[in-house]
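Structure first, commentary second.
Protein chains in written order, with the working numbering: chain H, 1 to 208; chain U, 1 to 202.
Okay, structure coming up:
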């Protein structure tokens, strides 16, 4: 086989492994997941998984990047494209960050695994910092654009963004574990209220 | 069956050792043998006290949280004003290298996969919210804080603190303990209509 043929097939094996890893880690957790199981789901050999990912940390980091890259395409593409105003765009972004059933809930399960691993061990802290930085830029960028157009009130954008990200994590995790005090709609309204009070918007979020 | 020698090892010691091991390795990677090694006992003697690994782990998490609350409540009774108590509470859960933050985070993924852990998490969270709510109520009663539904405010505060605590635990370069403290106090300040950011309780 020539290298020109080997390369794309190698990349697709890697992607198959990552697809399988995302699903398995979400179900079993990073500590509980078995590499052999991921290999089986991806229809590759265990040694190929080890070849591509030298450790569990590396696999989790890449699975997270992979999952958020896929999500990112959806997020930054269609979902927001339909927004008619900065306010609507922000509301859509808040929704994209909460554990709605389906893909978002699965992303959340990986997100929690990231907390767990990065809190305990240093290997994943850079990945965590990078993902949070990306989230920060995404939100802060949307706010700055709305302020520039005069739709949103001026404020300390970085402080507001960090507060909103913390609230999304704090409310989102309670929603995810089905805390009866924090249904999804409650989480959505509370996060929106924090944004609205600083940005001079209606404290009630726009309809989904 | 021979009863294992247990006289030399006590329940609290086992639980303290188990919390250490869980913090280092995580629940899934923790083995009874690791905990036994740490207290210089045999695995059967651990299982004499705790029926299963699952039970040991759950008890260890409860033990760690109880220890945190006992300490916190002890501190709080020595602080007269609700305002200073709230500042103390915020500081106590956002400290750098917090021992218990990792265990708290550990509860979440396991609550998703085990009904018993989910119940434990809910009970512990209820206690945490209770601690926050009682300070808010006390402050409102004394006129230190303005009104607002204490339950709703508590949910807001506990969620914000958890979110910040996660990033502090991951040593995020942007969300440092002093910045997390400042951010939570400024939210509380506005919600409760009471100056908090300039207050230092040490």
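Heads up, the beta-carbon is just placed ideally off N, CA and C, and yes, glycines get one too.
Quantities reported herein were computed from a predicted structural model and do not represent experimental measurements.
- In the displayed model, residue 122(H) falls within a helix according to three-state DSSP.
- If you look at residue 162(H), you'll find it in the alpha helix (DSSP H) that goes 157-176.
- For residue 30(H), the secondary structure class from DSSP, reduced to helix, strand or coil, is coil.
- Chain H places a beta carbon closer than 8 Å to that of residue 118(U), counting this residue as a contact.
- By a beta-carbon distance limit of 8 Å, residue 14(U) contacts residue 46(U). Their separation comes to about 6 Å.
- In terms of CA proximity to residue 186(U), 198(H) leads the group 28(H), 198(H), 32(H).
- Within chain U, no residue has its beta carbon less than 9 Å from that of residue 184(H); the closest one is some 13 Å off.
- A distance below 8 Å separates the beta carbons of residue 128(H) and residue 170(U).
- Taking a 10 Å sphere around the C-beta of residue 74(U), we find fewer than 16 other C-beta atoms and assign the residue as exposed.
- Contact residues of the stretch 15-31 of chain U toward chain H are 23, 24, 25, 26, 27, 28, 29 (C-beta to C-beta distance below 9 Å).
- At least 8 Å separates the CB of residue 107(H) from every CB of chain U.
- For residue 85(H), there is no enclosing alpha helix (DSSP H), as DSSP gives it neither H nor E.
- With respect to chain U, the C-beta atom of residue 31(H) has a partner C-beta closer than 8 Å.
- Around the beta carbon of residue 52(U), fewer than 16 other beta carbons sit within 10 angstroms, so the residue counts as exposed.
- Listed in chain order, the non-local C-beta contacts of residue 17(H) below 7 Å within the same chain comprise 38, 42, 44, 49, 52, local neighbours out to five positions each way being set aside.
- Spatial neighbours of residue 206(H) in its own chain (CB-CB distance under 8 Å, excluding positions within 5 residues in sequence) are listed in chain order as 87, 88, 91.
- Contacts with chain U at 8 Å (Cβ-Cβ) do not include residue 38(H).
- Judged by DSSP in its simplified three-state form, residue 13(U) adopts helix.
- Of the candidates 132(H), 192(H), 152(H), 172(H), 172(H) places its Cα closest to the Cα of residue 101(H).
- By the neighbour-count criterion, in which 16 or more other beta carbons inside 10 Å mark a residue as buried, residue 130(U) falls on the exposed side.
- In summary, residue 65(U) is buried, with 16 or more beta-carbon neighbours lying within 10 Å of its beta-carbon over all protein chains present.
- Residues of the stretch 41-54 of chain U with a C-beta atom less than 9 Å from some C-beta of chain H do not occur.
- In the DSSP assignment, residue 196(U) falls outside any alpha helix (DSSP H) and carries neither an H nor an E.
- Under the DSSP assignment, residue 52(U) falls outside any alpha helix (DSSP H); it carries neither an H nor an E label.
- Taken through DSSP and simplified to helix, strand or coil, residue 176(U) comes out as coil.
- In the structure shown, residue 45(U) adopts helical secondary structure according to DSSP, grouped into three states.
- The DSSP-derived three-state label of residue 205(H) is coil.
- Taken atom to atom, the span from the alpha-carbon of residue 50(U) to that of residue 119(H) is near 27 Å.
- Residue 34(U) sits in a helix when the DSSP states are folded into three classes.
- Here the C-alpha atom of residue 106(U) lies approximately 20 Å from the C-alpha atom of residue 33(U).
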